[in-house]
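Residue numbers (my numbering), protein chains in the order written: chain A, 147 to 214; chain B, 5 to 654.
Glycine is no exception: its CB is placed at the ideal position from the N, C-alpha and C atoms.
Computed from a predicted structure; not experimentally measured.
Below is one structure, written out as structure tokens, with a few remarks after it.
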Ligand SMILES: Nc1nc2c(ncn2[C@@H]2O[C@H](COP(=O)(O)OP(=O)(O)O)[C@@H](O)[C@H]2O)c(=O)[nH]1
Ligand SMILES: [Mg+2]
């Protein structure tokens, strides 16, 4: 289990979300959902895909999403 | 007119609500603001089989929670208009996430008409949904496949609206654990004869209230805050559930709703994944900025070069008319008509090409999906001053002219960030202010022009950053959290783009134009009556001197600043007149530096103020904008002048 910041592109399952931010839920990022990291660089937002939508997540927020 | 039915379009952001709204209502539309906020409200009339319907384009919302302004506006509208016909628009390729909102509407006791929109895209990707089975599973709600942009199924929707009858909504059943908890609390609520809720919650289903309590909906919690007994009962039930599931109930409900959507879609939908990953480059921490730089450069040149070309001709045209009018009018009128009214109209119309071009370019960038990439790309930079990534564009455009810069905030979706940008972007030195800076640099610091310019810009940008940061702390409301959707890239919808361009430029002409014209006349009167050598303006200048002398500016300088309100470049020409042509012998270098700084800061020009008013729709915020600019200039002027004197400058 590790947060999104440390993951290479690939598909993972969300395990836990350590932030009270409702917007993650609203975009379908909930424990158990599949999440695909499209690109992640040393700087800038992390790009992921959930279902058929593409989402940009700030580094702070991405650090709060634990996946495996 | 009294039995005209209301139709409201609800749905998540970017599902094609506005496009559908346009094809339902055609040209019969009215644009305003939702009361008290800078969120755009669109209303239009749909005519079908001799019946009229009033259609409302609600703000895009992900859920019915009351935790953002948009969500609260849409929810209040739905709660307050009990017999509105709801059209729930769904982005078919993302149907499982979109059903989330549908389930909430059903829980609220509504029976919306479902539109499976963007059906063209869905089919292209190979996603299919069986709309009859979907309708069945949702208790017989009408479900229509539609594409607002390509006019597929729009007539079916009109027919459904025409024959709409509210249905008793079906019950959405969750896990046994959750259902037991809900039932317990519903029973508790039923013990009360009268819950004394506010008007809009009086007739909502108890079940919805209970789920909202469990979800921690801010407004519902507020509603129950005096009912301690109920709240503690809810908390106990919550704890029981949390003990079993080992995490919080709020997210449990969310998971349950998604699970429900998946269950509904099971067997009636074929899924398919789309792949297109140009965004790895567009949002790349290096190439992304390079591309954005190029886009900005092109947009900037487009707006100001082409816009300037047209503005020149407009100016020339008015010049001819002015000369002609002066020659035929009696001299006592010609001043007021030509230099007052005509030049006011001239300046309004000169903005028009730039406004139209900036609206046009931003509408294209938005429609093809690039603007949301800009938001993601620039967020890191802009968040340091409390703003989101999209605010970067209004700032850049403001360098050319603040008026189109402020208009560019139209494309920002967050209410609070838009307001802050409207208040601080006028600090960005526009080309007219560069005229002042350039003139003063050449007159006083011919050897150090770039150092002088950098000094001024340094102070201005420092102040801009600080003001924006402070405003972001004191203005209420939430900034955008840094997580957002990047809609797929699409070919621009030209019809829509031209419509947006025309609507917004027209609004500028109508609303801001009137203010600019009235202001020009007022200032003309102030600065020319009773006579130019002894005008009211000079009287005011001499009063103002009591303050401006603290920053080393005498009444003549104050009069220049007053002219600058009409248009900043007038500061320079007025200076030549009031100081008798030889400015450099009157002012010391320190005074010149302070004067330049103050004239860059003190107040944006009349046109900018008018645009601020047009965009905030609020006299209060416009006045606040003016006052804080003036105070900022005064304080900074006094501080720098006196610091300079202490350091031994003249
Ligand atoms: N392919 C396709 N694109 C659409 C359709 N409806 C809207 N769009 C595009 O989707 C984007 C968002 O549309 P808009 O009406 O502004 O959505 P809103 O945010 O819900 O108001 C725009 O780029 C539209 O051109 C449609 O039926 N098919
Ligand atoms: Mg819209």
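Query raised in the report: Is any heavy atom in ligand 1 found nearer than 7 Å to the beta carbon of residue 417 of chain B?
Result: no
Report task. Counting only the same chain and skipping the five closest in sequence on each side, list residues whose C-beta sits under 7 Å from that of residue 429 of chain B. Result -> 398, 399, 402, 406, 409 and 410
Query raised in the report: Which residues of chain B have a Cβ atom closer than 8 Å to the Cβ of residue 207 of chain A, listed in chain order?
Result: The answer, in chain order, is 485, 486 and 487.
Query raised in the report: Are the region 60 to 69 of chain B and the region 197 to 211 of chain A touching, with three or more C-beta to C-beta distances below 8 Å?
Result: no
Query raised in the report: So, are the CB atoms of residue 329 of chain B and residue 346 of chain B less than 8 Å apart?
Result: Less than 8 Å divides the Cβ of residue 329 of chain B from the Cβ of residue 346 of chain B.
Report task. For residue 190 of chain A, return the contacting residues in chain B, with the cut-off set at a CB-CB distance below 9 Å. Result -> 287, 288, 289, 292, 380, 381, 383 and 384
Query raised in the report: When DSSP builds the beta bridges, which residues end up paired with residue 425 of chain B?
Result: Answer by DSSP bridge pairing: none, since residue 425 of chain B is not bridged.
Query raised in the report: Going by alpha carbons, who is nearest to residue 38 of chain B out of B/14, B/59, B/81 and B/17?
Result: B/81
Query raised in the report: Do residue 155 of chain A and ligand 1 come close, with the Cβ less than 7 Å from some heavy atom?
Result: Relative to ligand 1, even the nearest heavy atom lies 7 Å or more away from the CB of residue 155 of chain A.
Query - Residues that residue 184 of chain A contacts on chain B, provided the C-beta gap is smaller than 8 Å - result: 281, 283 and 284
Query raised in the report: Does the Cβ of residue 207 of chain A have 16 or more other Cβ atoms within 10 Å, making it buried, or fewer, making it exposed?
Result: buried
Report task. Closer than 7 Å is what we want: which residues have a beta carbon that near any heavy atom of ligand 2? List them in chain order. Result -> B/21, B/22, B/61 and B/64
Report task. Answer with yes or no whether the minimum CB distance from residue 202 of chain A to chain B is below 8 Å. Result -> Under the 8 Å criterion on CB atoms, residue 202 of chain A is classed as interfacial with respect to chain B.
Query raised in the report: In or out: residue 5 of chain B buried (at least 16 other Cβ within 10 Å) or exposed?
Result: Residue placement at residue 5 of chain B is flagged as unreliable, the pLDDT there being 48, under the threshold of 50; a coordinate-derived value is accordingly withheld.
**Report entry** Amino acids of chain A, ordered along the chain, whose beta-carbon sits closer than 9 Å to that of residue 79 of chain B
**Finding:** By Cβ distance, chain A contributes nothing, its closest Cβ being about 14 Å from residue 79 of chain B, past 9 Å.
Query raised in the report: Across which residues does DSSP place residue 12 of chain B in a beta bridge pair?
Result: B/60 and B/90
Query raised in the report: In chain order, what residues of the same chain lie with their CB nearer than 7 Å to the CB of residue 287 of chain B, ignoring the 5 residues before and after it?
Result: 377, 380 and 381
Query raised in the report: Of the choices B/263, B/327, B/187 and B/519, whose alpha-carbon is the least far from that of residue 626 of chain B?
Result: B/519
Requested in this report: State the CB to CB distance for the pair residue 507 of chain B and residue 35 of chain B, rounded to an integer number of angstroms; the pair is presumed to be in contact (CB under 8 Å).
Outcome: Between residue 35 of chain B and residue 507 of chain B the Cβ distance is about 7 Å, and since that is below 8 Å, they are a contact.
Query raised in the report: Does any C-beta atom of chain B lie closer than 8 Å to the C-beta of residue 181 of chain A?
Result: no
Report task. In the DSSP assignment, find the unbroken alpha helix (DSSP H) run with residue 477 of chain B in it and report its ends. Result -> 453 to 478
**Report entry** Boundaries of the alpha helix (DSSP H) in which residue 137 of chain B is found, first to last residue
**Finding:** 135 to 141
Query raised in the report: Whose Cβ in chain B lies nearer than 7 Å to the Cβ of residue 169 of chain A?
Result: Correct list: 485 and 487.
Query raised in the report: Which residues in chain B sit within 7 Å of residue 197 of chain A, going by Cβ to Cβ distance?
Result: For a Cβ distance threshold of 7 Å, residue set 98, 100 and 101 of chain B lies close to residue 197 of chain A, ordered along the chain.
Query raised in the report: If you measure from the beta carbon of residue 187 of chain A to each beta carbon in chain B, is any gap under 8 Å?
Result: yes
Query raised in the report: Between residue 209 of chain A and the rest of its own chain, which residues show a CB-CB distance below 8 Å, the 5 nearest in sequence each way excluded?
Result: Contacts found: 149, 150 and 151.
Query raised in the report: Is the region 629 to 640 of chain B touching the region 433 to 450 of chain B in the sense that three or more CB pairs, one from each, lie closer than 8 Å?
Result: no
Query - residue 303 of chain B in three-state terms, based on DSSP - result: helix
Query - Where residue 214 of chain A meets chain B, residues with beta-carbon distance less than 7 Å - result: Neighbours of residue 214 of chain A on chain B: none; closest Cβ ~16 Å, over 7 Å.
Query raised in the report: Which runs of the alpha helix (DSSP H) fall wholly inside the region 156 to 239 of chain B and span at least 4 residues, in chain order?
Result: 158 to 166, 180 to 194, 210 to 219 and 222 to 227
Requested in this report: Count the C-beta pairs between the region 182 to 195 of chain B and the region 114 to 134 of chain B that are closer than 8 Å, then say yes if the count reaches three, no if not.
Outcome: no
Requested in this report: Could you tell me which chain A residues have their CB closer than 8 Å to the CB of residue 66 of chain B, listed as they occur along the chain?
Outcome: The contacting residues are 169, 172 and 173.
Query raised in the report: Using the C-alpha atoms, what's the distance from residue 570 of chain B back to residue 615 of chain B?
Result: 14 Å
**Report entry** Coarse secondary structure for residue 214 of chain A, derived from DSSP in three states
**Finding:** coil
Query - For residue 2 of chain B, the nearest candidate out of B/606, B/619, B/620 and B/594 (CA to CA) - result: Chain B is shown from 5 up to 654; residue 2 of chain B falls before or after that span and cannot be answered.
Query raised in the report: Of all the CB atoms in chain B, is at least one closer than 8 Å to the CB of residue 156 of chain A?
Result: So, not an interface residue.
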